[in-house]
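Just remember that our numbering sits 12 ahead of the position in the sequence shown, which is counted from 1. Backbone N, C-alpha and C define an ideal beta-carbon position, used for all residues, glycine too. The structure presented is a predicted model; accordingly, all values stated were derived computationally and were not measured. Working notes, structure below.
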Amino acid sequence: MTGYWWQCEKCKAKFEFDQIGGANSIAGFIRDVLLPSDWDQSLLLQRCPTCGENSARITYDFPRKKNPLVFRVVNIVGLDFPGTYLPMMWGSYEVTDPATVKYDFKYIEGRNPQGLTKPAIFTKDDLAELFALYCKKTSKKSFP
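Put into structure tokens, the structure is as follows:
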């Protein structure tokens, strides 16, 4: 598996991006599916080709090198700045602790996924906008 894959929460089957989700890569999914949908959070839950349940989520290791933990994505929102820089906030849970959502700040530059392993940088106003967008897209009343 690459650094990001789809995995069913029910049957635990794993899939590459070109198998489900409508894109060939994580960067393609973000750029071609999520961003044009105005961050439609329902797209983060896909039908599993193995068991048929609507329970496949984007899954990834963090950190990538030593003793990684496995996380599943619940929410992704981002700020569509002019140009190619796309900073995002991901709400994810560690598979051993699904009740605790952790927030991961990431970015992509164009279609290069390298920024997904590095922290994004935000101004105070950018963070306020990102938190407001997160609340809007997830129906939360406030964040944090």
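I believe Lys118 touches Ala140 by the beta-carbon criterion, under 8 Å. Please report the beta-carbon distance rounded to the nearest angstrom.
The count along the sequence shown starts at 1 and reaches residue 118 at position 106. The count along the sequence shown starts at 1 and reaches residue 140 at position 128. Not really, about 18 Å apart at Cβ, beyond 8 Å.
Once the 5 residues before and after Cys23 are set aside, which same chain residues still bring their CB inside 6 Å of it?
If you number the sequence shown from 1, residue 23 lands on position 11. Only residues of its own chain outside the window of five on either side were considered, and among them Thr62 and Cys63 have a CB closer than 6 Å to the CB of Cys23, listed in chain order.
Bridge partners - Tyr72, DSSP secondary structure assignment
The residue labelled residue 72 in the question sits at position 60 within the sequence shown. Answer by DSSP bridge pairing, in chain order: Tyr16 and Phe83.
Where in the region 107-134 do unbroken runs of the beta strand (DSSP E), each at least 3 residues long, occur, reported from the N-terminal end onward?
109-121, all fully within the region 107-134.
Length of the line joining the Cα atoms of Asp109 and Val82:
Reading the sequence shown from its first residue, position 97 is the one you call residue 109. Reading the sequence shown from its first residue, position 70 is the one you call residue 82. In this structure, the straight-line span from the alpha carbon of Asp109 to that of Val82 is close to 10 Å.
Beta-carbon contacts of Val45 that lie in its chain and below 8 Å, excluding the five residues immediately before and after:
Within the sequence shown, numbered from 1, the residue matching residue 45 stands at position 33. Contacts found: Gly33, Gly34, Ala35 and Leu55.
What do you get for Ala68, buried or exposed, if any count of 16 or more other CB atoms within 10 angstroms of its CB means buried?
The residue you call residue 68 lines up with position 56 of the sequence shown. Taking every protein chain shown into account, the CB of Ala68 has 16 or more other CB atoms within 10 angstroms, so this residue is buried.
Nearest to Glu21 (by Cα), restricted to the options Gln58, Trp102 and Gln126:
Taking the sequence shown and counting its residues from 1, one reaches residue 21 at position 9. Ranking Gln58, Trp102 and Gln126 by Cα distance to Glu21 puts Gln58 first.
Following the continuous alpha helix (DSSP H) through Thr96, name the residue where it begins and the one where it ends.
Along the sequence shown, read from residue 1 onward, the residue named residue 96 stands at position 84. Neither: Thr96 is in no alpha helix (DSSP H) and is coded neither H nor E.
Roughly how many whole angstroms lie between the Cα atoms of Gly90 and Lys153?
Against the sequence shown, residue 90 aligns to sequence position 78. Against the sequence shown, residue 153 aligns to sequence position 141. Spanning the two alpha carbons is a distance of roughly 18 Å.
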